[in-house]
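In full-length UniProt numbering, the protein residues as written are 1 to 286.
For glycine and all other residues, C-beta sits at the position ideal for the given N, C-alpha and C.
Since the model is a prediction, treat every value here as computed from it, not as a measurement.
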Ligand SMILES: [Zn+2]
């Protein structure tokens, strides 16, 4: 293990479970390498659909508290110790899926003032001084209001932090290259009969799918595949894992991607055709 005390990675996510699905292998890798990994989760996912029948009684604040515990368990499996809730626990509540009346709840994240929510994140940025920020694209990967808002808040906070003393050198969006996900689904359909699941999701159910050319950075998480699957499994209210795949509450199987992909959207790209390190080109002294 190489000590990299100077490396600081910040990830901004909408709900507990998004971090493990999108970046579980990346987080495990950097934590194992000694980087400081900070996760900021914007809501507790109080409106998530609960999969296990024995936990179906959990709704609202009780579900939020339960998911907070799931998040803590998942982060300990990934070796991530710095986990925060934007503005403190319960500051912003889950907005529910796009178009539902839940979106109008004044306490929900979708209704939050972007600058005000970003101010909470700016405090974290000034404290941690990350060299790398990871979040979603401007559609939140797949159009969920909390994911779109997490994107807006993260990008605005990066801007405000830069104006007040800390410019995050590199900003990435979570991505999945279309050919990779198509191939993974082809494999999944062959493997499906050996799993507890009956139907596969579609490629377009995966957030952040883009043409291969958009990918700037590939993190091979093979060595951390087991940790990623374990972290996903810790989110038992939201995810059922049966490696090599998992389902959400819609019961449609998706492949667990242990190689994770990114698009660099701010900052200077490291050398080589594609980066294999989010910190490529960043000096140790930063
Ligand atoms: Zn989410």
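Reduced DSSP category for residue i - H, G, I as helix; E, B as strand; rest coil
i           : result
residue 222 : helix
residue 144 : coil
residue 57  : coil
residue 52  : coil
residue 15  : coil
residue 128 : helix
residue 246 : strand
residue 7   : coil
residue 172 : strand
residue 136 : coil
residue 260 : strand
residue 113 : coil
residue 151 : helix
Rounded separation between residue i and residue j - CA only
i           : j           : result
residue 59  : residue 102 : 14 Å
residue 197 : residue 127 : 44 Å
residue 24  : residue 145 : 22 Å
residue 287 : residue 18  : Only positions 1 to 286 of the chain appear in the structure, and residue 287 is not among them; the question remains open.
residue 56  : residue 50  : 6 Å
residue 163 : residue 244 : 44 Å
residue 87  : residue 150 : 13 Å
Beta-bridge partners of residue i, as assigned by DSSP
i           : result
residue 93  : 108
residue 271 : Looking at the DSSP assignment, residue 271 forms no beta bridge with any residue, so it has no partner.
residue 240 : 247
Contacts around residue i, its chain only, beta-carbon distance under 8 Å, and the 5 residues preceding and following it disregarded
i           : result
residue 259 : 25, 180, 218, 219, 220, 221 and 222
Own chain residues within Cβ distance below 6 Å of residue i, not counting five before or after
i           : result
residue 48  : 238
residue 281 : 268 and 270
heavy atom of ligand 2 below 7 Å from residue i C-beta
i           : result
residue 192 : The model on display carries ligand 1 but not ligand 2.
Own chain partners of residue i with C-beta closer than 7 Å, once the 5 adjacent residues on each side are dropped
i           : result
residue 130 : 8, 9, 10, 38 and 168
**Asked** Got a list of residues with beta-carbon closer than 5 Å to any non-hydrogen atom of ligand 1, in chain order?
**Response** 14, 15 and 18
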